[in-house]
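Working notes, structure below.
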Amino acid sequence: MEEAEIEQTLVARLRARDESAFAEIVDANTPAMLRTARMYVASREAAEEVVQETWIALIRGIDGFEGRSTLRTWLFRVLVNIAKTRGVRDHNLREDLAAAPYPDGATVDPDRFRGPDDQWPGGWRAHPAVWPPSPEGSTLAAEMMALTRRDLDKLPNRQRLVVTLRDVLGFDSEEVCQVLSLTMANQRVLLHRGRARVRAALETYLAVTP
Amino acid sequence: MNCKTFVELVTEYLEGALDKETRRRFDEHLALCPGCADYLDQIRVTVHKLEQLTEESLDPTYRDRLLSAFRDWRDP
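Quick look at the structure:
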């Protein structure tokens, strides 16, 4: 079945008050919803309330769901709207966009590049060190995963939201723009800065790990 | 294109958002600069690590709460 067909079947089952359909969609989305809600509210309990309210909104709204977006996009939009009304964290977009680690929005230390008077201005002074292979199941892979999680959690909020939705949860760029009310350009800036910071953290770690 | 410019274009490149001319200069630089090829590869590895992060499993008590909200609506 095509994805759209699967979704139509699911919506039809939800409308028929099929509890197993509800359990399926709850199991598939709730952990990601809790993680997303946690980026807006201060406690796990508050996130659980936001997520529960979202599910109640879905139940109440399913008969009127028009399928103009996917169910997942709809769910996360509602989730973000509810979370924002409860949110205690500052979500100043301009501040987060400006949150590049170096001047002029640079994501790599400008000192790593040759100056304007050099024979090759803007070229690497020294190439980034090659990373050792980290095959799945290796100790290094596990350590890099733990570090990735830690550094993702340290990103400025909007960067963390975009990177989480795009890379961890597999949303496409259009879905992320819809869910977070971002322009495509801003979405890309946030994704770029977020990914670059996580890369830089992995680089620092790998540089001191033989 | 120099390396300093290249590293700030990697996301637009991966997103397919570069205009044709910038894309051409990006590819040209990529073919000639092993440092930037490694940088791009490291961004790809980073994305791959992010994609592998898994969610915690759902707390059964909380799950029951959600399912009972469904039943309350279905059987008022």
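Keeping their order, the protein sequence lines are chains A and B.
Under numbering that gives the first Met the number 0, residues 0 to 209 are what the first sequence spells out, in order.
Under numbering that gives the first Met the number 0, residues 0 to 75 are what the second sequence spells out, in order.
We put the CB at the ideal spot given by N, CA and C, even for glycine.
| Asked | Found |
| --- | --- |
| CB contact below 8 Å: A16 of chain B versus chain A | yes |
| Alpha-carbon spacing of V121 of chain A relative to F5 of chain B, whole angstroms | According to the sequence shown, residue 121 of chain A is Gly rather than Val. Their backbone Cα atoms lie some 10 Å apart in a straight line. |
| Alpha helix (DSSP H) segment containing A195 of chain A, residue limits | 183-207 |
| Contact belief for V50 of chain A with A36 of chain A at Cβ below 8 Å, rounded distance in angstroms | 6 Å |
| Proximity of L41 of chain B and R159 of chain A at Cβ, strictly below 8 Å | First, the amino acid is wrong: residue 41 of chain B is Gln here, not Leu. No. Outside cutoff. |
| Selection of the stretch 140-165 of chain A by Cβ proximity to chain B, strictly under 9 Å | A140, M143, M144, L146, T147, R148, L151, V162, T163, R165 |
| Top-ranked residue by Cα proximity to A125 of chain A, from B:H28, B:G34, B:E27 | B:G34 |
| Helix, strand or coil at F112 of chain A [DSSP, three-state] | strand |
| Cβ of P120 of chain A within 8 Å of any chain B Cβ | yes |
| CB of C32 of chain B within 8 Å of CB of F112 of chain A, strictly | no |
| Beta-carbon neighbours of S172 of chain A, restricted to chain B and to distances below 8 Å | E14 |
| Assigned secondary structure, W54 of chain A (DSSP; H/G/I helix, E/B strand, else coil) | helix |
| Buried or exposed by the 16-neighbour rule on C-beta atoms within 10 Å, applied to I81 of chain A | buried |
| Which listed residue (A:P155, A:A128, A:Q7) has its alpha carbon closest to that of E65 of chain A | A:Q7 |
| Inter-residue spacing [alpha-carbon to alpha-carbon] between L57 of chain A and D103 of chain A | 43 Å |
| Residues that A30 of chain B contacts on chain A, provided the C-beta gap is smaller than 8 Å | What A30 of chain B touches in chain A: nothing, since even the nearest Cβ is about 15 Å away. |
| Cα-Cα separation between Y101 of chain A and R62 of chain B, rounded to whole angstroms | 44 Å |
| Chain A within 8 Å of K19 of chain B, Cβ atoms only | no |
| Proximity of A105 of chain A and A99 of chain A at Cβ, strictly below 8 Å | yes |
| Separation of R194 of chain A from S172 of chain A, as counted between CA atoms | 14 Å |
| Cβ neighbours of L292 of chain A in the same chain (closer than 8 Å, five flanking residues each side left out) | Nothing can be reported for residue 292 of chain A: it is not among the residues displayed for chain A, which extend from 0 to 209. |
| Spatial distance of A45 of chain A from K83 of chain A (CA atoms) | 12 Å |
| Straight-line gap, L146 of chain A to N28 of chain A (C-alpha atoms, nearest Å) | 24 Å |
| Beta carbon proximity, F69 of chain B to chain A, threshold 8 Å | yes |
| Straight-line Cα distance separating T203 of chain A from V129 of chain A | 12 Å |
| DSSP-derived helix/strand/coil call for W123 of chain A | strand |
| V167 of chain A beta carbon less than 8 Å from that of L86 of chain B | The first residue shown for chain B is 0 and the last is 75, placing residue 86 of chain B beyond what the model contains. |
| Pair within 8 Å by beta-carbon distance, E76 of chain B and R187 of chain A | Given a span of 0 to 75 for chain B in the structure shown, any question on residue 76 of chain B remains unanswerable. |
| Any chain A beta carbon closer than 8 Å to P33 of chain B | yes |
| 8 Å Cβ cutoff met for S42 of chain A and Q177 of chain A | no |
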